[in-house]
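I have placed the structure first, in the form of structure tokens, so that the comments after it can refer back to it.
2 protein chains.
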Amino acid sequence: MKQIEVSRATMGRIPTYLKYLKSASHISENISATALAKQLGLGEVQVRKDLSSVSGAGRPKTGYNIKELIDTLEKFLYTDKNNNVVLVGAGKLGRALLDYRGFEDYGLKISAAFDIRCKDTDMSKLGKPIMPMESLDEFCRENNVRIGIITVPAEHAQEVCDRLISDGIRAIWCFAPCSLNVPDEVTVQYENMALSLAYLNKKIDFQQKDDIE
Amino acid sequence: MKQIEVSRATMGRIPTYLKYLKSASHISENISATALAKQLGLGEVQVRKDLSSVSGAGRPKTGYNIKELIDTLEKFLYTDKNNNVVLVGAGKLGRALLDYRGFEDYGLKISAAFDIRCKDTDMSKLGKPIMPMESLDEFCRENNVRIGIITVPAEHAQEVCDRLISDGIRAIWCFAPCSLNVPDEVTVQYENMALSLAYLNKKIDFQQKDDIE
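Have a look at this one:
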């Protein structure tokens, strides 16, 4: 499998390609990038670029073998590696994420949540464990967890982050409105919900100004 | 108030500036960009750029009058206009967003949620109304709502989007994994949680590859 850096936008389209290819796999053996683009209402250049970044170019005239392409795209999406994710902070947002089914499209799941207010292991509506903070370190090490989601208040985020890193986590997805200090080898992705909404609100003003000018 | 386009990153730092300036306002009358940068551990160039994009340059030697700067930053953040937001789809994620307190930092609030499964008006844990879909059009028009949040499943997102637009909404914040068709004057911002997590997971692989090479 080719393993070069693929853009977020390309990755976002892979589930769409897979869905269509699976429905087409019993009708035809091969498909061209042109036909795929037409079926999905996407630009042909975009489809060629997406597929070649993950799978390489199609064969001249015949295009891609559909079964092989499905296999390659699935291998890319559902990394063979351990995809365990933990979440710290089982408040409303944390619990919503814990039971969010959309992660399955990418072969990911949040295995467990941890919360300082949790004294005994509790279960989410979909049966995921919500455990006391004392169990975090052991759980991360035993399950070789790579990603930690932080949904605690901003003032506790750094402390939780440090602990996750000492438990071997490689990447942090942080929903607390703060800035975390992490070593170079750890990746942090911030999700600031309030800022996203505020920025969208400002965009309306900017656009109204453009309309007037 | 200067109303030019301000970056998302700048906007994200404004609550931090405000918090510090409010704590400093009873100690001193003025503050320089240099001092502000030092106090907050930010780069001086960044602070100057942020402040000048919202408020204009400080005065030579004295810098900014703290009270005036607070006033300008607050006016920028808390638009005088109607900031009503509605949400459609009161599932787990919808309810978590409905009661999320972080929006208040930016003077925003979700006024009400609407859900097809709701027959009579219900209340969220924090007392926000969750109303039947039949009440949506009237609510949006009466309250001059500008922003609609879509947290319904992807297959219903376009239908909800069309209805919000016909109710006069100017911007859509869409959490459904889909692509919406909207007129040019409507702004759409997508939030694909599953893709965000999947992309973070891939980043670890890319980084591991970089480490090996």
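So the sequence lines, in the order shown, correspond to chains A and B. With this note's numbering, the residue at position 1 of the first sequence is 16, and numbering never jumps. With this note's numbering, the residue at position 52 of the second sequence is 67, and numbering never jumps. By construction, the Cβ of each residue, glycine as well, lies at the ideal position given by its N, Cα and C atoms.
Nearest-angstrom Cα separation, counted from residue j out to residue i
i: B/G117; j: A/I162; result: 24 Å
i: B/E119; j: B/N98; result: 11 Å
i: B/L66; j: B/K90; result: 13 Å
i: A/K140; j: A/R132; result: 18 Å
i: B/S68; j: B/G58; result: 16 Å
i: B/N207; j: B/D199; result: 22 Å
i: B/E174; j: A/L179; result: 42 Å
i: B/S70; j: B/D135; result: 47 Å
i: A/E153; j: B/T202; result: 46 Å
i: B/C176; j: B/E157; result: 18 Å
i: A/F221; j: B/G109; result: 27 Å
i: A/M148; j: A/I164; result: 14 Å
i: A/D130; j: A/S181; result: 18 Å
i: A/S22; j: A/Q61; result: 12 Å
i: B/S40; j: A/A52; result: 59 Å
i: A/Q204; j: A/C189; result: 6 Å
i: B/N216; j: A/C155; result: 16 Å
i: A/S150; j: B/I42; result: 46 Å
i: A/L9; j: A/S38; result: The structure shown does not extend to residue 9 of chain A, since chain A is modelled only from 16 through 228, so no value can be given for it.
i: A/Y214; j: B/Y214; result: 23 Å
i: B/R74; j: B/A50; result: 14 Å
7 Å CB neighbourhood of residue i in its chain, flanking five on each side removed
i: B/Q18; result: Note that B/Q18 has pLDDT 47, beneath the 50 cutoff, so the model's placement of it is unreliable and the number below is only indicative. Within the same chain, B/Q18 has no close Cβ partners at all.
i: A/Q54; result: Y35
i: A/I219; result: none
i: B/Y121; result: L92
Exposed unless 16 or more other CB atoms sit within 10 angstroms - verdict on residue i
i: A/M138; result: exposed
i: A/I187; result: buried
i: B/A24; result: exposed
i: A/I29; result: buried
i: B/D2; result: This structure cannot settle anything about residue 2 of chain B, because the visible part of chain B is limited to 16 through 228.
i: B/Y32; result: buried
i: A/K76; result: exposed
i: A/R185; result: buried
Nearest-angstrom beta carbon gap, residue j and residue i [assumed within contact, 8 Å]
i: A/I81; j: A/E44; result: 6 Å
i: B/M146; j: B/A172; result: Their Cβ separation, rounded to whole angstroms, is 19 Å, which puts B/M146 and B/A172 out of contact at 8 Å.
i: B/L36; j: B/L92; result: About 12 Å; that fails the 8 Å criterion.
i: A/G104; j: A/V167; result: 4 Å
i: B/L212; j: A/L123; result: 6 Å
i: B/A111; j: A/K107; result: 4 Å
i: A/L195; j: B/M26; result: With 8 Å as the limit, A/L195 and B/M26 do not qualify as a contact, their Cβ atoms being about 19 Å apart.
Sequence-distant residues of its chain with Cβ nearer than 6 Å to residue i (five each side left out)
i: A/G56; result: none
i: B/A169; result: A191, P192, C193
i: B/R63; result: A48
i: A/G78; result: N45, I46, S47
Residues near residue i in its chain [Cβ-Cβ closer than 8 Å; skip 5 each side]
i: A/K143; result: L113, D114, I125, S126, A127, A128
Practice task
Within the segment 89-175 of chain A, note down every full beta strand (DSSP E) run reaching 3 residues or more, in order along the chain.
Solution key: With a minimum length of 3 residues, the unbroken runs of beta strand (DSSP E) contained wholly in the segment 89-175 of chain A fall at 99-103, 124-130, 144-147, 162-165.
Handout entry: Length at least 4, wholly inside the segment 20-60 of chain B: the alpha helix (DSSP H) runs in chain order
Key = As far as the segment 20-60 of chain B is concerned, its whole alpha helix (DSSP H) runs of at least 4 residues are 23-39, 48-55.
Exercise for the section: Note down, one range per segment and in chain order, each beta strand (DSSP E) of at least 3 residues found wholly within the segment 172-217 of chain B. Expected result: You should have 186-189, 202-205.
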